[in-house]
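Colleague: What follows is a single structure, and I will ask about it in a moment.
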Amino acid sequence: MLYEMSKLNERDKYRLLTSCIVPRPIAWVTTIDTQGIVNTAPFSFFTGVSIEPPLVIFAVERRKGEKKDTIVNIENTKEFVINIVTEKNVKQMNETSPDYEPEIDEMQSAKLTPIPSHFVKPPSIKESPIHLECTLDQVIEIGSSPHSLVIGKVEYITVEDVLIDDGRISMKDLQAVGRLGGKWYTETANLFELDRLDWRKKEV
Numbered sequence: 302m303l304y305e306m307s308k309l310n311e312r313d314k315y316r317l318l319t320s321c322i323v324p325r326p327i328a329w330v331t332t333i334d335t336q337g338i339v340n341t342a343p344f345s346f347f348t349g350v351s352i353e354p355p356l357v358i359f360a361v362e363r364r365k366g367e368k369k370d371t372i373v374n375i376e377n378t379k380e381f382v383i384n385i386v387t388e389k390n391v392k393q394m395n396e397t398s399p400d401y402e403p404e405i406d407e408m409q410s411a412k413l414t415p416i417p418s419h420f421v422k423p424p425s426i427k428e429s430p431i432h433l434e435c436t437l438d439q440v441i442e443i444g445s446s447p448h449s450l451v452i453g454k455v456e457y458i459t460v461e462d463v464l465i466d467d468g469r470i471s472m473k474d475l476q477a478v479g480r481l482g483g484k485w486y487t488e489t490a491n492l493f494e495l496d497r498l499d500w501r502k503k504e505v
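Counting from 302, one number per residue, gives the positions in the sequence shown under our numbering.
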């Protein structure tokens, strides 16, 4: 099947792209507004950008032309936290995904526990084992149906001690969850390792 993207409507483009780009890590983002109200929302167009400086990026789609609370808060405060989604908290993550009114605290609605972050004002989610505390690097607006690309600098990372094995994060114990197409998600239960090859040592 050949798809010409210019002939697809926006919804069909979304369905196709999100079914091809899999699995996608989920940025479970907490922000805070100028009145102190916490906003919590997941975004699956998310990845790392660079190591030095340590930058991450995630995309936020507008709803009916209006910026989401996440973007408004980040632009105002220049801070946010990315909490990692796992098998243990994925249902609570899903409860924070609807477009609530700005005055609604999604963390309370999902019965999550806010805990103080070390460097930024937005709280971290206790039920998440890893927190990336970030400051805003830049926001880039793209597209005719505007998306906001948020690039953040990671200032601090908190990892639960039980996940540390020989100085590294145990992928088996983390049990991270990724987003697929449609309503599908994936677990990281079946893991395998591959050694990186050196072409100079590869047998001909």
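Positions of the beta carbon are idealized from the N, C-alpha and C atoms, including for glycine.
What is the residue span of the alpha helix (DSSP H) that S351 lies within?
Modeller: For the purposes of this step, residue 351 is taken as residue 50 along the sequence shown, with counting starting at 1. Where S351 is concerned, there is no enclosing alpha helix (DSSP H), although the beta strand (DSSP E) it sits in stretches over F347 to S351.
Colleague: Let me check one thing: in DSSP terms, what residues is F493 bridge-paired to?
Modeller: Here residue 493 refers to the residue found at position 192 when the sequence shown is read from its first residue. Its beta-bridge partners do not exist; DSSP assigns none.
Colleague: Quick check on T459: does DSSP put it in helix, strand or coil?
Modeller: Counting from one through the sequence shown, the residue named residue 459 turns up at place 158. T459: strand per DSSP, three-state reduction.
Colleague: Just mark I465 as buried or exposed, buried being the case when its beta carbon has 16 or more other beta carbons within 10 Å.
Modeller: As a first step, residue 465 must be located in the sequence shown, where it is residue number 164. With fewer than 16 other Cβ atoms within 10 Å, it is exposed.
Colleague: On the criterion of 16 or more Cβ atoms from any shown chain inside 10 Å, does D370 qualify as buried, or is it exposed?
Modeller: Looking up residue 370 in the sequence shown gives position 69. The residue in question, D370, is buried, as its Cβ has 16 or more Cβ neighbours within 10 Å.
Colleague: CB T436 to CB E380, shorter than 7 Å?
Modeller: Residue 436 sits at position 135 when you count from the first residue of the sequence shown. Residue 380 sits at position 79 when you count from the first residue of the sequence shown. Going by C-beta atoms, T436 is nearer than 7 Å to E380.
Colleague: Given a cut-off of 7 Å on the beta-carbon distance, is the pair L269 and V455 in contact?
Modeller: The requested residue 269 is not part of the displayed model; the chain covers only 302 to 505.
Colleague: Any chance the region 376-392 sits against the region 330-339, with 3 or more Cβ pairs inside 8 Å?
Modeller: Verdict: yes, contact present.
Colleague: Output the boundary residues of the alpha helix (DSSP H) element that contains E376.
Modeller: Taking the sequence shown and counting its residues from 1, one reaches residue 376 at position 75. Looking at the DSSP string, the run of the alpha helix (DSSP H) that includes E376 is D370 to T378.
Colleague: Anyone know if the C-beta pair for P447 and R363 falls short of 7 Å?
Modeller: Within the sequence shown, the letter at position 146 stands for residue 447. Within the sequence shown, the letter at position 62 stands for residue 363. A contact, by the Cβ cut-off of 7 Å.
Colleague: Comparing C-alpha positions only, which one of P430, I426, S418 and V421 sits nearest to A411?
Modeller: For the purposes of this step, residue 411 is taken as residue 110 along the sequence shown, with counting starting at 1. Residue I426 is the option with its Cα nearest to A411.
Colleague: Among F359, V478 and E494, which one has its Cα closest to the Cα of N395?
Modeller: For this step, residue 395 is matched to residue 94 along the sequence shown. Ranking the options by Cα distance to N395, first place goes to V478.
Colleague: When DSSP builds the beta bridges, which residues end up paired with A477?
Modeller: Walking along the sequence shown from the start, residue 477 turns up at place 176. Partner(s): T387.
Colleague: Residues in its own chain within less than 8 Å of Q476 by CB, not counting five upstream and five downstream?
Modeller: Here residue 476 refers to the residue found at position 175 of the sequence shown. The answer, listed in chain order, is T387, E388, K389, E488, T489 and A490.
Colleague: Residues bridged to Q439 by DSSP?
Modeller: Here the question's residue 439 lines up with position 138 in the sequence shown. Looking at the DSSP assignment, Q439 forms a beta bridge with I452.
Colleague: Flag this pair as yes or no: are the beta carbons of V357 and G453 separated by less than 7 Å?
Modeller: Sequence index remark: in the sequence shown, residue 357 carries index 56 (1-based). Sequence index remark: in the sequence shown, residue 453 carries index 152 (1-based). In this structure, G453 lies closer than 7 Å to V357 by Cβ.
Colleague: Work out the CA separation of L317 and E404 for me, nearest whole Å.
Modeller: Here residue 404 is taken as the residue at index 103 of the sequence shown, counted from 1. Here residue 317 is taken as the residue at index 16 of the sequence shown, counted from 1. Computed Cα separation, rounded: 34 Å.
Colleague: When you compare only the Cα positions, how much space is there between K473 and L303?
Modeller: For the purposes of this step, residue 473 is identified with residue 172 of the sequence shown, where counting begins at 1. For the purposes of this step, residue 303 is identified with residue 2 of the sequence shown, where counting begins at 1. Their backbone Cα atoms lie some 38 Å apart in a straight line.
Colleague: Going by DSSP, what residue range makes up the alpha helix (DSSP H) through L356?
Modeller: Position 55 of the sequence shown holds residue 356. It is not in any alpha helix (DSSP H) - L356 instead sits in the beta strand (DSSP E) that spans L356 to E362.
Colleague: How should N310 be labelled, buried or exposed, when 16 other C-beta atoms within 10 angstroms of its C-beta is the threshold for buried?
Modeller: Within the sequence shown, numbered from 1, the residue matching residue 310 stands at position 9. Exposed.
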